[in-house]
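Numbering (full-length UniProt numbering), first residue to last: 1 to 183. Ideal Cβ positions, reconstructed from N, Cα and C, are used throughout, including at glycine. Since the model is a prediction, treat every value here as computed from it, not as a measurement.
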């Protein structure tokens, strides 16, 4: 298990809930009852989330399930990013629990900007691109003469051209403003 993932998740929960967790107690053991996770949902979503503080295992598992359901259905965390109740309660997959908390923070930051800060990289946003039929042909074919390159109807600032010279041909690779190759 990554100590960095654990430390970041711990600090994020402390900051979000404005509490201090016991540094002498295992972090995931403190999450095991599910109450901290439910409190995070309540804080982020400003919703009336029902949970109980209890030492009864089935109540603790119900709290964990409540967090998982809210994370997926309300916040929008994909199921592949979440953990199963047993991953936390029985400590079957500690790393997946930590990754899910990171993912929850990112999706919550995107859905509720300003309420919480996301951990790790920002989620990607769709940026649709439209290309003229001639631009599509150029990108599909890939190899063109230098004259064809000079006559391409790309708008200034829309597409940057990178020309790679081969012995007999000129290869075109279109890059958008974020330096992503478009094909």
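Inter-residue Cα distance where the pair is residue i and residue j
i: residue 133; j: residue 111; result: 36 Å
i: residue 35; j: residue 53; result: 6 Å
i: residue 135; j: residue 124; result: 25 Å
i: residue 13; j: residue 128; result: 35 Å
i: residue 86; j: residue 77; result: 18 Å
i: residue 95; j: residue 2; result: 7 Å
i: residue 80; j: residue 137; result: 37 Å
i: residue 61; j: residue 49; result: 15 Å
i: residue 118; j: residue 107; result: 7 Å
i: residue 28; j: residue 130; result: 47 Å
i: residue 126; j: residue 56; result: 44 Å
i: residue 7; j: residue 122; result: 19 Å
i: residue 11; j: residue 113; result: 19 Å
Counted within 10 angstroms of its Cβ, other Cβ atoms place residue i as buried (16 or more) or exposed
i: residue 160; result: Reliability fails at residue 160, whose pLDDT of 46 lies under 50, so the model's placement of it is uncertain and the value that follows must be treated cautiously. Exposed, by the Cβ-count rule.
i: residue 19; result: exposed
Distance CB(residue i)-CB(residue j) smaller than 8 Å
i: residue 116; j: residue 105; result: yes
i: residue 101; j: residue 9; result: yes
i: residue 37; j: residue 83; result: no
i: residue 33; j: residue 63; result: yes
i: residue 39; j: residue 21; result: no
i: residue 99; j: residue 5; result: yes
i: residue 31; j: residue 74; result: no
Contacts around residue i, its chain only, beta-carbon distance under 8 Å, and the 5 residues preceding and following it disregarded
i: residue 25; result: none
i: residue 15; result: 117
i: residue 47; result: 41, 70, 74
Residue from the options whose Cα sits closest to the Cα of residue i
i: residue 97; options: 65, 73, 109, 74; result: 65
i: residue 71; options: 43, 126, 121, 114; result: 43
i: residue 89; options: 109, 114, 113, 59; result: 59
Neighbourhood of residue i by C-beta, 7 Å cutoff - its chain only, sequence neighbours within 5 removed
i: residue 109; result: 116, 117, 118
i: residue 51; result: 34, 35, 38, 63, 66
Close-in-space but distant-in-sequence residues of the same chain around residue i (CB under 6 Å, 5 per side omitted)
i: residue 140; result: none
i: residue 120; result: 102
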